[in-house]
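Residue numbers (my numbering), protein chains in the order written: chain Y, 592 to 957; chain R, 592 to 957; chain G, 592 to 957; chain P, 592 to 957.
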């Protein structure tokens, strides 16, 4: 249970980190969407951070395969299945961690829920590698969004390892282009300082967290439903389902809680003959529904739990306390990859809600 | 669409603020749960804030009626329907607001989605009064939780109108008892200062936001599912579906994003023969699943959008800019009622996930 | 669990036969649908069979109330809740049946699932009276179908107590008008003979079953989804969820199983510039999806299990065999009311699928 | 949309007949279930009918691969993905059928719903080959049923091409063993006559339909939910989602519609200290829920629509009437493979409902 997301545009993922493959099935894709395999490859490529060997020393392409749902470059309206083959993983250093849950990791939770049957190698199902399937589904979702309702989604980091960007005046395009840098930050000075932090943190065998932001171009009104299925609620679920996410705030978020109504309310004005918000402090929804403004929210990611320092745990076979030191491959920060997953989940939620709202037909006319 | 919540324990709400009634149907309640009508009444009573006339000058009891699913004081296993009748509402001052959406309110979103068919009186379906149905469902959920797996849920405010509590050492019981005070804060000095802020804010015709916290007693392991249906994700969705919620953070939340792994990771220790977290910075879940620790998160609520100051909007019939000043009844802050709704939603999510995890049987043995 | 139906157009029902009320909440109704309360009353009236006192000696109007979702005669796009109040039921003769399950009834199943907590009076949740909620939801669904995509649904009996109609040449209009007769059969002679059978069966304290047919006007293509959510599959679920339904067949149904492909296949021809089926032996779908033809299926209903003859059962308290004779009110055949419920469920499924297929917008333009 | 089945035990399928692979993802499998790959192979093998070359001249093994969710022979509790690779299909003779929908096939429906984007080769997504994924999921479901609640499911044909079995006294074991014969019928004489019919029908280039039956060993009480999610309703949906299914009847089915209550009601008796049905005319459920009896139902399958006789259709590009004669590989009857799919779907529904009812824990203790 738990690996199916969405109501109409449905994403199903599978795969363990050290199993043969990670995969995704997407049911509910409209027919007639042009699918460019190289775009999927590029989206997967953004996870590689080849300019920043600290994050991914090997920088290898992912090998993926579309198994169904696409014919002659266009979606058929049937489920699209994509498999991303896992490279041969070295699981040796996981042997000593069997039944010794790593602090901050999912190991303990899987043991308590599934008993001895869980796969702990490389984090198993809870590995960050799981987000590969989200990225693929996100690429399909982005194609639908762009072709059907001309909406785009982007993301960047606004803080990493304590280094925050110092600009607030960036555009959507600035955010998109930030991915050409070693780290996706709109402020070059912040990139330099954050890289330094990462380098020093790796030296110490430690890890850092970060804060990312997702934003979109203008979303047509009507996405999101009253009461429980608010767009904000489904975005929160989608993003908080990412392994390292620990907080989310829309628009000015926690800052709004300290404002007065007269400061917080976005005034409604007329622009190009349409009612619009003068500001967008609320982040793009009212009453849980999109209103023609861009969606905007921030996500906090905790530091990678795997570190090379000794940590206390319990040997679950002997039921006694012990100490472990992780020796396998690890990311000094999950935030750069995790914000990509948040961007993908945002695209997925937007397609699902646009379809629920009847804004995307079952066949995209070409 | 949007008024159904949950997968196995399903909550369905209906009703407009100025319609005949607000109601809730709860499908999936186990049989054999003792239902005390006076408990439902008391839970609804917590919304009244009778000690604080600024929040609710009238302080009247809600009149509710159980229509199905309960026989001789016990649940039957069939849907429980409860209706809360609306008092005769005075809708007159809403006439002048028809097609003039109030800034910060859902009016504009409803107009853009549903055209002229939306009910704007008292906020219609988007009124804060909608949470009455959540409170009733939460009361049923709390009875199930307590009787089936001995879990309790509580909430309080940690900040209101900029006044924060100064204690961090409070217990679950302190939080429960905070509801005996004029405002549910564990710090008496904060209560006094926050009341002052509310009084002054009302004088100015303005409003304030706040931050609340929800916490539970120890939750048995295994609630929540891998990948998308993480307990954290479903709690985030549940809570972010509350009208004024703009942010949520679990455990130390955004503070974790600024820590190193060695600071953030909760060490695993042996306590009473069970693996436990030495600290609970993460807020009670790992890999998205409960692990035997209490669940803990904070929610940011924006200030009430209705204020008595003039605000800019657009007359949607004439499509021209105009100004409105709200003259109806309003809450100077929605946070005290909203955190109650968050508490209720937490109970609902916990029951739903405990049932999904097979931890609650279909008949509670007595 | 089990009282929620549909994915986008969602129907939720509640209520026990001898409780205060039966009710329904419909979430997902588009905005702008004209709702005529007298139409709901007439649809409920069809259940009364006032011309046939054997089926309903009292012939009283149902008293119903719309609690939400309708403003000034039009749907708002929010959930519509309707309550039908139960008259004061006489439960006395049920006292002797407590823990003595009636053969053919749901009593035994409820006891085995919910223990002593089930409500057996009048059949409780499993009473035929439960279909009142389906009829109300069906009336709303019919309004949506008619106003949004100009589709109509009708039903009639083709066999009752062994008396079959002898015509096959009836039109949709004939079927609609059959409800003006004592029994909804298109063949007057069959009506007379079936009434005789009912009268004689009542004299003997026995009951009879019957077969009904549901048919529609032309349904636009595209309702139904490949593989699991075929229109035929969802109709089968919807109809087989009616208490006394024991079989369903589409088009020629079981007769098709004895044909050759060359006899069974509907040839595809051009009519008015559109590809159409020359015949409609298959009942209106191909590959599980509507193709522009009317939908057509038959349903078998078992005889009413309540009879006034002694029957064998087990006293579940003493765990010993015993005999019971039912003395309460009973319907000599459930088929006439059950086919109405099947008609209602068909309308509900068609709306749900038309919305999934994007054929019904969220606001019906007027 | 449409390729996800189930609420808790969820089956997702994908794949086109002439694409690279057919696949299935099963989410919600409990942990600790022993998975024997050779059992999956044998279940797939039952589709081959190697003793009856008319049904499958090539009789080749399917090549399948488990990609996730199984470790060291046991389920992990995470999604199980299985891929069955398609052999290189010869699509040439489909070229002439492009935009010329075959009567009785899904082609026309796909065109009307998805436009020119559908894959018609080999029936595309609507091919009978789609059931390969159901068989794999059914094999997993059978393993869960057997290991968790000791329930088994079997199926056979009771009529094929007009040849009916003449026995009614067969046992569950007889039904299981019928699969060792050329055709799965419990009556050897019927097998001989049915084979003759198939041979002659092939000679004529025509096809035949049939009727199958699914039955189970005793199912524990409590599967199925009141009102909409009756076990019978979900089984009907599951089975009617199979391509060639046109009717279903439970227990005595349509025969019950012609009986009186006194003939139809199963009397309740005491057997081994438990209340049981004396007969099982109703097919194993009351009020939609299992009661400790075996489940039993029959399914009608229409004849294969592909035949080698000329048939009328419309050329959708030229929008003119034309004639086609199918020249590709075809099954003279789909019934033998289709009843296998019905058996698999039954196992899937039973696991889903047993999990909803809390009868199957999240970890199978070993």
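Glycine included, each C-beta is placed from N, C-alpha and C at the ideal position.
In its own chain, which residues sit with a C-beta less than 8 Å from the C-beta of residue 611/R, not counting the 5 before and 5 after it? 676 and 677.
Beta-carbon proximity list for residue 832/P, same chain, < 8 Å, skipping 5 on both sides: The answer, listed in chain order, is 596 and 936.
Separation of residue 847/G from residue 871/G, as counted between CA atoms: Residue 871/G and residue 847/G have their C-alpha atoms roughly 12 Å apart.
Chain R contact residues for residue 817/P, given Cβ-Cβ distances below 7 Å: Those are 669, listed as they occur along chain R.
List, in chain order, every chain Y residue whose beta-carbon is nearer than 8 Å to that of residue 952/G. Neighbours of residue 952/G on chain Y, chain order: 949.
What are the start and end residues of the alpha helix (DSSP H) that includes residue 722/R? That run of the alpha helix (DSSP H) goes 722-740.
Buried versus exposed, by CB contacts within 10 Å (16 or more), residue 662/Y: Looking at its Cβ environment, which holds 16 or more other Cβ atoms inside 10 Å, residue 662/Y is buried.
What ranges does the beta strand (DSSP E) occupy inside the stretch 604-689 of chain P, keeping only unbroken runs of at least 3 residues that lie completely in it? Those beta strand (DSSP E) runs which fall completely within the stretch 604-689 of chain P and span 3+ residues are 612-618, 654-659 and 671-676.
Expected contact under 8 Å - CB spacing of residue 746/Y and residue 931/Y to nearest Å: That belief holds up - the Cβ atoms of residue 746/Y and residue 931/Y are roughly 7 Å apart, short of 8 Å.
Neighbourhood of residue 588/Y by C-beta, 6 Å cutoff - its chain only, sequence neighbours within 5 removed: In this structure chain Y extends from 592 to 957, so residue 588/Y is not present and cannot be described.
Looking at the structure shown, is residue 803/R part of a helix, part of a strand, or coil, going by DSSP? Strand at residue 803/R.
Would you say the stretch 617-637 of chain P touches the stretch 732-751 of chain R, given that touching needs at least three Cβ pairs under 8 Å? No, because fewer than three Cβ pairs between the stretch 617-637 of chain P and the stretch 732-751 of chain R fall closer than 8 Å, the two stretches do not touch.
Which residues of chain R have a Cβ atom closer than 8 Å to the Cβ of residue 666/G, listed in chain order? Here the neighbours are 708.
Helix, strand or coil for residue 712/R, going by three-state DSSP, please let me know. If DSSP states are grouped into helix, strand and coil, residue 712/R belongs with the helices.
Provide the residue span of the beta strand (DSSP E) that contains residue 906/Y, from first to last. It spans 902-906 - the beta strand (DSSP E) in which residue 906/Y sits, taken as one unbroken run.
Run through chain G and tell me which residues come within less than 7 Å of residue 841/P, C-beta to C-beta. Those within 7 Å of residue 841/P in chain G are 837 and 838.
Any Cβ of chain Y within less than 7 Å of the Cβ of residue 675/R? At least 7 Å separates the CB of residue 675/R from every CB of chain Y.
Span of the alpha helix (DSSP H) around residue 705/R: It spans 698-705 - the alpha helix (DSSP H) in which residue 705/R sits, taken as one unbroken run.
Would you call the stretch 888-902 of chain R and the stretch 936-950 of chain Y in contact, with 3 or more CB pairs under 8 Å? Short answer: they don't touch.
Roughly how many angstroms lie between the CA atoms of residue 857/P and residue 679/R, to the nearest whole one? As the crow flies, the alpha-carbon of residue 857/P is around 54 Å from that of residue 679/R.
Helix, strand or coil: how does DSSP classify residue 771/G here? In the three-state reduction of the DSSP assignment, residue 771/G falls in the helix class.
The beta strand (DSSP E) with residue 792/P in it runs from where to where? First-last for residue 792/P: 779-794, but that is the alpha helix (DSSP H), not the beta strand (DSSP E).
Per-residue DSSP class, three states only, for residue 927/P: For residue 927/P, the secondary structure class from DSSP, reduced to helix, strand or coil, is helix.
For a contact defined as C-beta to C-beta under 8 Å, what are the partners of residue 658/R on chain G? Under the 8 Å cutoff, chain G gives 605, 606, 610, 611, 612, 614 and 674.
Name the chain Y residues that come within less than 9 Å of residue 598/G, Cβ to Cβ? Proximity of chain Y to residue 598/G at the Cβ level (cut-off 9 Å) is accounted for by 598 and 599, in chain order.
Beta-carbon of residue 741/P versus every beta-carbon of chain G: anything under 7 Å? Taking 7 Å as the threshold, the shortest C-beta distance from residue 741/P to chain G does not fall below it.
For chain P, check one thing: does any of its Cβ atoms lie closer than 7 Å to the Cβ of residue 776/Y? Not a single CB atom of chain P sits nearer than 7 Å to the CB of residue 776/Y.
Return the CA-CA distance between residue 869/P and residue 955/G, expressed in angstroms with no decimal places. Put simply, the backbone Cα of residue 869/P is about 54 Å away from that of residue 955/G.
Just checking, does the stretch 811-828 of chain Y make contact with the stretch 695-712 of chain R on the three C-beta pairs under 8 Å criterion? With a cut-off of 8 Å, the stretch 695-712 of chain R and the stretch 811-828 of chain Y count as touching, because enough Cβ pairs lie within range.
In terms of alpha-carbon separation, which member of 824/R, 782/R and 759/R lies closest to residue 770/R? The shortest C-alpha separation from residue 770/R is found at 782/R.
Where residue 655/Y and residue 830/P are concerned, what is the direct C-alpha to C-alpha distance, given to the nearest angstrom? Rounded to whole angstroms, residue 655/Y to residue 830/P spans 34 Å at the Cα level.
Check the Cβ of residue 844/Y against every Cβ in chain G and list those closer than 8 Å, keeping chain order. Residues of chain G passing the Cβ test: none, with the nearest at roughly 28 Å.
What does the Cβ neighbour count give for residue 606/G, buried or exposed, with the cut at 16 atoms within 10 Å? Label assigned to residue 606/G: buried.
Under the three-state reduction of DSSP, which class applies to residue 837/Y: helix, strand or coil? Residue 837/Y carries a strand assignment under DSSP once its states are collapsed to helix, strand and coil.
With 16 other CB atoms within 10 Å as the buried threshold, where does residue 684/G fall? Note on residue 684/G: under 16 other CB atoms within 10 angstroms of its CB, so exposed under the neighbour-count rule.
Taking 7 Å as the limit between beta carbons, can you name the residues of its chain near residue 777/Y, skipping five residues before and five after? Result list for residue 777/Y: 747, 756, 758, 761, 765, 766 and 769, in chain order.
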